[in-house]
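Novice: Numbering (the working numbering), first residue to last: 1072 to 1322.
Cβ atoms here follow ideal geometry from the backbone N, Cα and C, with glycine treated the same way.
Given the structure is predicted, the values throughout are model-derived calculations rather than measurements.
If you scroll down you'll find the structure; I have some questions about it.
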């Protein structure tokens, strides 16, 4: 039996090296990974995972282990590198685009708040992407934090990982003192892309990160923030981008 969310042999060859797959186990690691991908796409609860993959406790154990070890982020960095190289881009980006999305949560958890602007109670996803829409860094925090106050954090995280970054693009919500802070502390130029008219139209650069947010929302697990901790929310976003990246490599 196979599900539509299962990865192909070629895709598994890319990420297999990040796991100790040579050791004999009761449950195959590829099936464990496929189980996580099934949950991500379908949005089901852990307890409702099909037994085809493995007992849900086993799948969750490996997900939790890989999450805390940072394995998902490492895999995503490898995939981003491959996409950029095969597309004729430099391995390390020099420009990024940042934006945030406030999403509702479904219950309790850490770092909850209210975004008065979007009238949303929950958390805020803060993303930095390159000019191709690849995820460079992500932070999930309370929705009550304003973009101009939390923008420095996501840019600092992206700059720490990619020291090659020189310029960042953002919307008007990041304007003001943040521009000077980014220049003095991070040595980057923050360019604000402002709306010039009320009618709907595609804004230069900004549409790239907005498209990435839309890609993430295509996975039902990310349609809302179902996670108890922000770290789990970030892990689910990494998993969405891994799935997308593998599909982009093997079109």
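Hey, residue 1200 and residue 1168: beta-carbon distance below 9 Å or not?
Specialist: The count along the chain shown starts at 1 and reaches residue 1200 at position 129. The count along the chain shown starts at 1 and reaches residue 1168 at position 97. Their beta carbons are under 9 Å apart, which means residue 1200 touches residue 1168 by this criterion.
Novice: Ignore the nearest five residues each way along the sequence and tell me which others in residue 1275's own chain have a CB closer than 7 Å to its CB.
Specialist: Counted from its first residue, the chain shown places residue 1275 at position 204. Only 1264 meet the Cβ criterion.
Novice: Between residue 1116 and residue 1292, what straight-line distance do the alpha-carbon atoms span, to the nearest angstrom?
Specialist: As a position in the chain shown, residue 1116 is number 45, starting the count at 1. As a position in the chain shown, residue 1292 is number 221, starting the count at 1. In a straight line, the C-alpha of residue 1116 is about 9 Å away from that of residue 1292.
Novice: Indicate the three-state DSSP secondary structure (helix, strand or coil) for residue 1074 in the structure shown.
Specialist: Position 3 of the chain shown holds residue 1074. Residue 1074: coil per DSSP, three-state reduction.
Novice: Can you give me the C-alpha to C-alpha distance between residue 1283 and residue 1096, rounded to a whole angstrom?
Specialist: As a working mapping, residue 1283 is identified with position 212 in the chain shown. As a working mapping, residue 1096 is identified with position 25 in the chain shown. Approximately 36 Å between the Cα atoms of the pair.
Novice: Taking 9 Å as the cut-off, decide whether the C-beta atoms of residue 1108 and residue 1078 are in contact.
Specialist: Working through the chain shown from its first residue, we reach residue 1108 at position 37. Working through the chain shown from its first residue, we reach residue 1078 at position 7. Contact: yes.
Novice: So residue 1152 is in the alpha helix (DSSP H); what residue range does that whole segment cover?
Specialist: Translated into the one-based positions of the chain shown, residue 1152 becomes position 81. Unbroken alpha helix (DSSP H) run through residue 1152: 1142 to 1157.
Novice: Skipping 5 residues on each side, what residues in its chain have a beta carbon closer than 7 Å to that of residue 1055?
Specialist: Because the chain spans 1072 through 1322 in this model, residue 1055 falls outside it and cannot be assessed.
Novice: Under a three-way DSSP split, which group does residue 1319 fall into?
Specialist: Residue numbering aside, residue 1319 sits at position 248 when the chain shown is read from its first letter. DSSP places residue 1319 in helix when its eight states are reduced to three.
Novice: Can you tell me where the beta strand (DSSP E) with residue 1185 in it begins and where it stops?
Specialist: Within the chain shown, residue 1185 is the residue found at index 114, counting from 1. Residue 1185 -> beta strand (DSSP E) spans 1184 to 1186.
Novice: In whole angstroms, what separates the C-alpha of residue 1189 from that of residue 1213?
Specialist: Position 118 of the chain shown holds residue 1189. Position 142 of the chain shown holds residue 1213. Residue 1189 and residue 1213: Cα-Cα distance of roughly 13 Å.
Novice: Kindly indicate which three-state DSSP category residue 1174 falls into: helix, strand or coil?
Specialist: As a working mapping, residue 1174 is identified with position 103 in the chain shown. If DSSP states are grouped into helix, strand and coil, residue 1174 belongs with the strands.
Novice: Of the residues 1286, 1155, 1281 and 1229, which one's Cα is nearest the Cα of residue 1258?
Specialist: If you number the chain shown from 1, residue 1258 lands on position 187. Ranking the options by Cα distance to residue 1258, first place goes to 1229.
Novice: With distances taken between CB atoms, is the gap from residue 1208 to residue 1232 smaller than 9 Å?
Specialist: Here residue 1208 corresponds to residue number 137 of the chain shown, with the count starting at 1. Here residue 1232 corresponds to residue number 161 of the chain shown, with the count starting at 1. Yes; because the gap between Cβ atoms is below 9 Å, this pair is in contact.
Novice: Does DSSP put residue 1090 in a helix, in a strand, or in coil?
Specialist: Reading the chain shown from its first residue, position 19 is the one you call residue 1090. Residue 1090: coil per DSSP, three-state reduction.
Novice: Whose C-alpha, out of 1121, 1156, 1226 and 1216, is nearest the C-alpha of residue 1183?
Specialist: Position 112 of the chain shown, counted from the first residue, corresponds to residue 1183. Nearest C-alpha to residue 1183: 1216.
Novice: Look up residue 1260 in the DSSP assignment and give the residues it is bridged to.
Specialist: Position 189 of the chain shown, counted from the first residue, corresponds to residue 1260. Paired residues: 1238.
Novice: Report the residue from 1083, 1300, 1094 and 1234 whose alpha carbon sits nearest the alpha carbon of residue 1178.
Specialist: Taking the first residue of the chain shown as position 1, residue 1178 is located at position 107. Of the candidates 1083, 1300, 1094 and 1234, the one whose C-alpha sits nearest the C-alpha of residue 1178 is 1300.
Novice: Could you check the C-alpha separation between residue 1320 and residue 1186 for me, to the nearest Å?
Specialist: To locate residue 1320, count along the chain shown from 1; it is residue 249. To locate residue 1186, count along the chain shown from 1; it is residue 115. Computed Cα separation, rounded: 37 Å.
Novice: Would a C-beta distance cut-off of 9 Å place residue 1101 and residue 1083 closer than the cut-off?
Specialist: On the chain shown, residue 1101 is found 30 positions in, with the first residue counted as 1. On the chain shown, residue 1083 is found 12 positions in, with the first residue counted as 1. Result yes, Cβ atoms of residue 1101 and residue 1083 sit closer than 9 Å.
Novice: Three-state secondary structure (DSSP) at residue 1212?
Specialist: As a working note, residue 1212 is residue 141 in the chain shown. Looking at residue 1212 - three-state DSSP - the assignment turns out to be strand.
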